[in-house]
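Participant: These protein sequence lines are chains X and G, in that order.
Under our numbering, the first residue of the first sequence is numbered 1, with each subsequent residue one higher.
Under our numbering, the first residue of the second sequence is numbered 1, with each subsequent residue one higher.
The structure follows.
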Amino acid sequence: MLEVRNLVKRLPDGRVLLDGLNFRVERGEFVALIGASGAGKSLTMRAIVGLTSVSEGEVVFTGETGKVYRPTATSAKELRRARRNIGCIFQGCNLVRRLSVLDNVMIGRLGRIHPLRSWFYGFTDQEAREAMESLDRVGMADFAARVTGSLSGGEMQRVAIARAIYQHPLFYLADEPIAALDPKNTEITMRLLQPLACENPILGAFHQPDVVSRFCTRAIALRKGRIIYDGSPHLSSQQLAAIYGDGGAHPADMQPALVGS
Amino acid sequence: MRSKEFSLARYRRHARPAIVLVALVIAAAWQCEVNFRDLLKGIAKGLSMLAFFFPPEWRAFPEMIHPALVTVIICVIATPIGAALSIFFGLAGARNLAPPWLRLLCRSLIAIERGLPEIVILLILVAAFGLGPFAGIMALAIGSIGMLGKLVSDAIEEIDGRVLDSAAAVGATRLQVIRHVVIPEVLPSLVSHSIFRFEVNVRASVLLGAVGAGGIGYELNAAINQLEYNRATAAALTTLALVFVSERASDFLRARILGGGTV
Chain X
1 MLEVRNLVKR
11 LPDGRVLLDG
21 LNFRVERGEF
31 VALIGASGAG
41 KSLTMRAIVG
51 LTSVSEGEVV
61 FTGETGKVYR
71 PTATSAKELR
81 RARRNIGCIF
91 QGCNLVRRLS
101 VLDNVMIGRL
111 GRIHPLRSWF
121 YGFTDQEARE
131 AMESLDRVGM
141 ADFAARVTGS
151 LSGGEMQRVA
161 IARAIYQHPL
171 FYLADEPIAA
181 LDPKNTEITM
191 RLLQPLACEN
201 PILGAFHQPD
211 VVSRFCTRAI
221 ALRKGRIIYD
231 GSPHLSSQQL
241 AAIYGDGGAH
251 PADMQPALVG
261 S
Chain G
1 MRSKEFSLAR
11 YRRHARPAIV
21 LVALVIAAAW
31 QCEVNFRDLL
41 KGIAKGLSML
51 AFFFPPEWRA
61 FPEMIHPALV
71 TVIICVIATP
81 IGAALSIFFG
91 LAGARNLAPP
101 WLRLLCRSLI
111 AIERGLPEIV
121 ILLILVAAFG
131 LGPFAGIMAL
141 AIGSIGMLGK
151 LVSDAIEEID
161 GRVLDSAAAV
171 GATRLQVIRH
181 VVIPEVLPSL
191 VSHSIFRFEV
201 NVRASVLLGA
211 VGAGGIGYEL
221 NAAINQLEYN
231 RATAAALTTL
241 ALVFVSERAS
251 DFLRARILGG
261 GTV
């Protein structure tokens, strides 16, 4: 349902950050994107949700009615339509710290409601109820009225997941959702993500091979902007060595992965 | 012995700038014809003048209430207008929201405004709107934009880009991002700085009053011009009370807002 076709990202100075990525993600899959820092994991995610422009190729996904969405499109309207169907789970630091937890979850629906209605804060009771249900699903309903900045990292991550659930997306993107978490919160977060993947596929960037092999259904490995592995999430130590290179990152890998659009 | 040498060296290091400074002051005093004999004479004269100001004219105090209220009202109207306008200037002057040309334009306008004292703005506005509180309100509102607009811009530029991106990633339009991310993030600091600006405006408003914006400053100026020094004392004491009260109120309110931490 999600298809990445020949994705290329080239910088004006000629450096190639993504070098012709091709892959499909189907219903029921929990795909892990792995690779060393600077391999292009975050950049791929940002390209899929249209936060960075691509030099070549396109990202396409289809809805239940067969409607086709293209987040790599340049028209603002088409981009907005595509984006509201993608549930992004970034690290928890991407929440608005001064808003309440419930207000942060409501942001997930902004793509679907008219800008004027949201400007005057015209969320309906039904929308608020659904937001509470999403919070309940991640076990954070009791925190709804709390100021988000006062939460712990693990709690924020769960709110970020609730926001993505509330969005009712066609698939989820999770950019290093557990990178800043301790083992206990990692466990909680992954146990929340796993059942979500059964409903709508998840494409997530991860750094921990053990977590990938326990929870994911498939792994795609990137190295210097190229796919070098696509298959079972249970990777051997030789495969991991090939993916992560010989220890230290190559200078070419140290380019900023988060290039603004 | 050694420490003495050391301290001498330290003094020598400061000697040259000190000599330059003293020479500059003497040259400036000579240029402005500062005269110590006049200063001594002036002190005696000033002290005898001071006697004219006391006691204050107690009967005048009730008459000062209305002008004092005018001064406060000028600020109560001007500060929120300035704060509201500074949101627009702040948004247009923030690197992460506005295109470079707009940012440069806004930042330059704000900087020019900061360079102009309120009294200059008032004199220009008086030419347009005539004397009275309205020109004073406009002058203080415009004057507030210089400080508040810059603070709002800076606060917006400090917002984590990933927070803006993650709101854009759900399909929010730019206006929705402003409404649901930018404004909630900067509002507490804008409110706190506006209250501080209110306090600054009260003091500026007294000065503007003397130039023709009305209020307590006008009374003070008029009394001195008409040689009613005891009445002027009443106006001055009222001003003092006004400034003191507004300062205390501002401190209290800002402590309440900032004390909440994450209001």
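Even glycine gets a Cβ: it sits at the ideal position worked out from N, Cα and C.
1) Could one say the Cβ of valine 49(X) lies closer than 8 Å to chain G's Cβ atoms, at least one of them?
2) Going by DSSP, what residues sit across from threonine 62(X) in a beta bridge?
3) May I ask you to verify whether the stretch 231-241 of chain G touches the stretch 170-187 of chain G, counting CB pairs closer than 8 Å and requiring at least 3?
4) Just how far apart, CA to CA, sit leucine 148(G) and glycine 217(G)?
5) Within a Cβ cutoff of 7 Å, which residues of the same chain sit near glycine 161(G), ignoring the five residues on either side of it in sequence?
6) Would you kindly report the start and end of the unbroken beta strand (DSSP E) that includes valine 191(G)?
7) Compute the distance between the beta-carbons of valine 200(G) and valine 152(G), then report whether it is under 8 Å.
8) Could you tell me which residues DSSP puts in a beta bridge with phenylalanine 23(X)?
9) Going along the chain, which residues of its own chain have a beta-carbon closer than 7 Å to the beta-carbon of leucine 102(G), five neighbours each way excluded?
10) Would a C-beta distance cut-off of 8 Å place leucine 266(X) and alanine 169(G) closer than the cut-off?
11) Would a check of beta-carbon distances place arginine 203(G) closer than 8 Å to chain X?
12) Do you know whose CA, among Phe90(X), Ile86(X) and Asp182(X), lies nearest asparagine 200(X)'s CA?
13) For glycine 170(G), would you say it is in contact with chain X, using Cβ-to-Cβ distances shorter than 8 Å as the test?
14) Please report how far the alpha carbon of glycine 66(X) lies from the alpha carbon of leucine 170(X), in whole angstroms.
15) Just to make sure I have the definition right: I need the residues of chain X whose C-beta is within less than 7 Å of the C-beta of serine 280(G). Which are they?
16) Could you tell me which chain X residues have their CB closer than 7 Å to the CB of threonine 71(G), listed as they occur along the chain?
17) Any beta carbon of chain G sitting closer than 8 Å to that of leucine 135(X)?
18) Under a three-way DSSP split, which group does isoleucine 159(G) fall into?
19) Going along chain X in order, which residues have a C-beta closer than 9 Å to the C-beta of proline 188(G)?
20) Is it buried or exposed, isoleucine 48(X), if we count other Cβ atoms within 10 angstroms and call 16 or more buried?
21) Please list the partners that glutamate 185(G) has in chain X, where partner means a Cβ-to-Cβ separation under 9 Å.
22) Using beta-carbon positions only, say whether valine 68(X) and threonine 74(X) come within less than 8 Å of one another.
Facilitator: Let me lay it out:
1) Proximity of valine 49(X) to chain G, defined by a Cβ-Cβ separation below 8 Å, is satisfied.
2) Residue pairing by DSSP places threonine 62(X) opposite Val68(X) in a beta bridge.
3) No: the two stretches stay apart, fewer than three of their Cβ pairs being nearer than 8 Å.
4) Each residue's alpha carbon lies about 25 Å from the other.
5) Same-chain partners within the cutoff: Asn96.
6) Looking at the DSSP string, valine 191(G) is not in any beta strand (DSSP E); the run it does join, the alpha helix (DSSP H), is 183-208.
7) No, the pair does not count as a contact, with Cβ atoms beyond the cut-off.
8) DSSP output for phenylalanine 23(X) lists Val4(X) as bridge partner(s).
9) Cβ-Cβ distances below 7 Å link leucine 102(G) to Ala92 in the same chain, with the five nearest sequence neighbours on each side left out; the list follows chain order.
10) Here chain X comprises residues numbered 1 to 261, so residue 266(X) is not present and cannot be evaluated.
11) No, because no Cβ of chain X sits closer than 8 Å to the Cβ of arginine 203(G).
12) When Phe90(X), Ile86(X) and Asp182(X) are compared, the shortest CA-CA separation from asparagine 200(X) is found for Ile86(X).
13) Looking at the sequence shown, residue 170(G) is not glycine but valine. Cβ-Cβ to chain X under 8 Å: yes for valine 170(G).
14) Rounded to the nearest angstrom, the two C-alpha atoms are 12 Å apart.
15) Because residue 280(G) is not part of the residues shown, which for chain G are 1 to 263, the question remains open.
16) By Cβ distance, chain X contributes nothing, its closest Cβ being about 34 Å from threonine 71(G), past 7 Å.
17) No, leucine 135(X) lies away from the interface with chain G (no Cβ there is under 8 Å from its Cβ).
18) DSSP places isoleucine 159(G) outside both helix and strand once states are collapsed to three, so it counts as coil.
19) Residues of chain X with a Cβ closer than 9 Å to the Cβ of proline 188(G) are, in chain order, Arg98.
20) When all chains shown are included, isoleucine 48(X) counts as buried.
21) The contacting residues are Val96, Arg97, Arg98 and Leu99.
22) Against a cut-off of 8 Å, the Cβ pair of threonine 74(X) and valine 68(X) comes out as no contact.
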